[in-house]
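First the structure, in the form of C-alpha cells, and then the observations on it.
Protein chains in written order, with our numbering: chain A, 53 to 149; chain B, 425 to 535; chain C, 2 to 119; chain D, 239 to 352.
If you want it as C-alpha cells, here you go:
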C-alpha cells in the first residue's frame, strides 16, 4: 500500500493516523502541502524521524520547489511525478485526504 | 413552478412533478399525485407507498429498486418482493413513480 | 498499466486538480493508459466552460477539455453536478455527465484508482 | 473499500461519500466501509440537524447492511480519541485496531477516501 499525504502536518493530524494505520515498509509520499512535513528543524521533526525508521518517505520535487523548500530532512527522498507514477504502479494507493 | 391543487390548497411541485415540501403530504395529496401519473391507487399500491414512507422515516432515504424488492419481499411476502410485481403497479418505475406518490424527494438518479 | 483518476476538489481553490493533471501527464508520458477521470464532490466544478481566466494563469477547464480531446473520458457525476449547478449547457467539450455507476465501472476497468482531493 | 475519515455536517464529504457507498452497493460489488478519525462522528447517535438546516443522514448508515456492505469497520483509537464507544454508534460495526485495519486495507484492490 502506498500512503499519499497532502496535508500540512502543522494543521492536520493526517500523518499521525497514516502512520498508525500502516504497515512497516509501506511507502509514504508527501504531495501538495504534505511536503511541509519534510522541513528541517520543525516541531514535527521527531515524528518524521520516527516515521522514517519504519517507512520509506518521498516528497514531490515540484511541490517542494513551489514552497521554497531546498533542503529536506535526512532520509526523505525527493522524487518527481514520474517516480510517483512508478510507485502507484507498484502499490495500491490510498490518499489521506 | 407548477402547483397541484388538493382540497382547495395549492401544493408546490418541482420540475419533475415531485412534491416540493414533503410535510404537505397526506392521502388526498397522494391520490392527486397518482392522478398526474395515471395510476389508479388500489390497496396494493397503498401498501408500497406506505412501505416507502415508513422506510424513509426510518432511514432518511428511498431505497434503490433492488433493495426495495428485497425489503418488500421480507415485509409484505415473497410473492410481492420482485421487480415484475412492482412494475405492474407502477409502470413508470416503482422507485420514481411510487416515491412521487409517497411524497418523497426524487431519487438522485446517480446510477 | 491502466490508471483511473478521481478528482474530488474544485479548481483553483485547491491544488488537487493540478496534481491530478500532473500525474496524468506523467503517466501518459510513461506509456500508461488513463481509463478515465471521474469528477465528484466540488470536483465537478472543474468542468464548467464558464471559467474566465487571466492569460497569465492556467486555464483548468480548458486543460481538461484538451485531455478529453485526446480520447480520455471525462465523467462528471450527475448528482454532484446538479447540486452545484453544472449541467450540459455549461459543460466543457469532451466531458459527459453520468452516474456514479461509472465510477464503479472505472474501478473495475482500472488496475489502480488514485484519488486527488482535499 | 471506502475509507471514511471526515466529520458530517461541517462539509459534504461524509454525505456524498455515503451516496457513493449506496450506489456501489446497488451495483453488487463486493465492498466494505471503514470509519476512522472524524468519520466515526458520522455514526454517533442522537444527531439532529433540524436547526442548522442540513440533511440528517446518520440514520441512513443503518441501511448499509441491506445494501450489501457486510464489512463495516471502525478504528478503535479514533473512537477512543473522541470519547466514544461502540454503544454510541447508530449501527453494528466491527471495532478494530489500526494494525488490523491496515491488514484489511491491504487486501483491497481499490481504496476510496471520503
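From the three backbone atoms N, C-alpha and C, an ideal C-beta is built for every residue, glycine too.
Proximity test, Cβ basis, 9 Å: residue i and chain C
{"i": "residue 347(D)", "result": "yes"}
{"i": "residue 149(A)", "result": "yes"}
{"i": "residue 302(D)", "result": "no"}
{"i": "residue 202(D)", "result": "Coverage of chain D is limited to positions 239 through 352, which leaves residue 202(D) absent and any answer about it impossible."}
Pick from the options that is closest to residue i, judged by C-alpha positions
{"i": "residue 127(A)", "options": "58(A), 81(A), 63(A), 120(A)", "result": "81(A)"}
{"i": "residue 109(A)", "options": "70(A), 94(A), 141(A)", "result": "70(A)"}
{"i": "residue 39(C)", "options": "52(C), 10(C), 75(C)", "result": "75(C)"}
{"i": "residue 247(D)", "options": "241(D), 316(D), 255(D)", "result": "255(D)"}
{"i": "residue 109(C)", "options": "37(C), 83(C), 58(C)", "result": "37(C)"}
{"i": "residue 112(C)", "options": "82(C), 17(C), 35(C)", "result": "35(C)"}
{"i": "residue 433(B)", "options": "452(B), 442(B), 472(B), 459(B)", "result": "452(B)"}
{"i": "residue 460(B)", "options": "472(B), 508(B), 443(B)", "result": "443(B)"}
{"i": "residue 505(B)", "options": "531(B), 485(B), 524(B), 471(B)", "result": "471(B)"}
{"i": "residue 76(A)", "options": "130(A), 88(A), 55(A)", "result": "55(A)"}
Short CB-CB distance (under 9 Å) between residue i and chain D
{"i": "residue 37(C)", "result": "no"}
{"i": "residue 28(C)", "result": "no"}
{"i": "residue 109(C)", "result": "yes"}
{"i": "residue 520(B)", "result": "no"}
{"i": "residue 112(A)", "result": "no"}
{"i": "residue 484(B)", "result": "yes"}
Proximity test, Cβ basis, 9 Å: residue i and chain A
{"i": "residue 14(C)", "result": "no"}
{"i": "residue 114(C)", "result": "yes"}
{"i": "residue 95(C)", "result": "no"}
{"i": "residue 248(D)", "result": "no"}
Residue i burial status per 10 Å Cβ neighbour count (16 or more: buried)
{"i": "residue 313(D)", "result": "buried"}
{"i": "residue 343(D)", "result": "buried"}
{"i": "residue 454(B)", "result": "buried"}
{"i": "residue 119(C)", "result": "buried"}
{"i": "residue 270(D)", "result": "buried"}
{"i": "residue 62(A)", "result": "exposed"}
Residue range of the beta strand (DSSP E) that includes residue i
{"i": "residue 436(B)", "result": "433-436"}
{"i": "residue 296(D)", "result": "Element bounds for residue 296(D): n/a, residue is neither H nor E."}
{"i": "residue 309(D)", "result": "309-313"}
{"i": "residue 429(B)", "result": "427-430"}
Endpoints, the alpha helix (DSSP H) within which residue i is located
{"i": "residue 477(B)", "result": "467-483"}
{"i": "residue 62(C)", "result": "61-70"}
{"i": "residue 330(D)", "result": "Unbroken run through residue 330(D): none, as it is neither H nor E."}
{"i": "residue 136(A)", "result": "133-142"}
{"i": "residue 146(A)", "result": "No alpha helix (DSSP H) holds residue 146(A); the beta strand (DSSP E) holding it covers 145-148."}
Could you please tell me which residues of the stretch 128-139 of chain A, in chain order, have their CB closer than 7 Å to any CB of chain C? 133, 134, 136, 137
Taking a cut of 8 Å between CB atoms, which residues from the stretch 67-83 of chain C lie near chain D? 80, 81
Which of the residues in the stretch 40-53 of chain C, read from start to end, lie with their CB under 8 Å from any CB of chain D? 41, 42
Tell me which residues of the stretch 263-278 of chain D have at least one Cβ-Cβ distance to chain B shorter than 9 Å, keeping chain order. 263, 264, 265, 266
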